[in-house]
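Right, one structure below, let's go through it.
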Amino acid sequence: MKQAGTPPTGKWTGPSHAGVKAPDPILLPDPARRFMATAQRLEQLADGHPLDAWLRFLAAVARAQHAVAAIRAPSAAPGAQAVAQAVEARLPPLAADGHQRDKGWHEGLGLLLARMDRGVLPDAAMDAIKQLQAMDAVAVDKLADRFLRGGLAASEIGMAVYVAAALQVYFTCAAAQLQAAELRLLDERALCPCCGSPSVSGLITASGVTPGTRYLYCSLCSTAWNHVRAVCITCGGTRELLLQSIDGDDGVVKAETCCECHTYAKLLYQLKDTQVDPYADDLASLGLDMLVSEEGYARHAPNPLLLVGDGEAMVD
Ligand SMILES: [Zn+2]
Ligand SMILES: [Zn+2]
């Protein structure tokens, strides 16, 4: 048997098992599809859902996001050299908390507010739009910073939903300009390799090159990245993971709970429903969040459209 070591040619070409492919580590978003897919799925899930009105409101937000993503020229993606430097330093090149936002994001927010379908808006949501439209750019930027870095007051949550939505469009358009091959997964595997944000949910693929792969979907820039299965995304534990779901449901969404760190993350099974959307299905399965939180598990990270300030969620 040949001893392991440097191959004779000095050039290692990697394993070549015929038919076995490694999953793509990073999938960059497509801004032309990302928000419309979420809007359509939310509308589909709203039918007969106990949170029907809330899901339709979020669908209207996603439709406004789609309009902004389609119209606005993407901007402020870092250049190739800055990306290379960040990747070399194991940092996300579009770091949500450090990235200098292009002023154009204000234009995107204005457009998003103008595009909101007034027909589905409750009074409080309409008031928040008026309040935001009356704010100057400096105050809006401070609000955006508080959303990205923490420190939102409960009274700001109504407005912060639109700010979060506009920032999702901005960061998604910026991430789409990067090259997946030039990025690298972070050492902290639960965080987005583009912007360093946590995921909203993990999708278990049914098709593609490597079915059965888990991809985590970024809560801010919509990038997806591979994360091994059966490993807690928060603590890396493997020993005490349980998959929980609501009795009698269709098996599309499950919560992976970890008894080592007492957190959970959601898994969505594409095999059970090919229409599954990492953003819409997370929001529509709020009942599962409630179930596992009653058992004492904390969600690994909040969904940015389901903001919490001083212990109060935005759901009526
Ligand atoms: Zn991201
Ligand atoms: Zn854990």
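For the sequence shown, the positions run 33 to 348 when my numbering is used.
Where a beta carbon is used, it is the ideal one built from N, C-alpha and C, also for glycine.
- THR295 is the residue among VAL170, VAL324 and THR295 whose C-alpha sits nearest the C-alpha of ALA333.
- Residues CYS293, THR295 and HIS332 of the same chain have their beta carbon placed closer than 6 Å to that of THR266, with the five preceding and five following residues left out of the count.
- The segment 189-200 makes no contact with the segment 238-245; the number of CB pairs closer than 8 Å stays below 3.
- Taking a cut-off of 8 Å on C-beta distances, the segment 274-281 touches the segment 307-323, as three or more cross pairs fall below it.
- Secondary structure note for ILE161: it is in no beta strand (DSSP E), and the uninterrupted alpha helix (DSSP H) holding it is 155-166.
- At a threshold of 7 Å, CYS224 counts as near ligand 1, since its beta carbon sits closer than that to one of the ligand's heavy atoms.
- In terms of Cα proximity to ALA108, the closest of GLN211, GLY283, LEU77 and GLY136 is GLY136.
- Apart from sequence neighbours up to five positions away, the residues of its chain that approach GLN132 with a beta-carbon distance below 8 Å are ALA108, ordered along the chain.
- Per the Cβ contact rule, the segment 89-99 is not in contact with the segment 214-229 (fewer than 3 Cβ pairs under 8 Å).
- By the Cβ rule, the segment 309-320 counts as touching the segment 74-86, because three or more pairs are nearer than 8 Å.
- In this structure, THR255 has its beta carbon less than 7 Å from a heavy atom of ligand 1.
- One alpha carbon belongs to ASN335, the other to CYS290, and they sit about 19 Å apart.
- LEU145 is positioned such that its CB atom lies no closer than 8 Å to that of ALA176.
- Taken atom to atom, the span from the alpha-carbon of GLN211 to that of GLY280 is near 42 Å.
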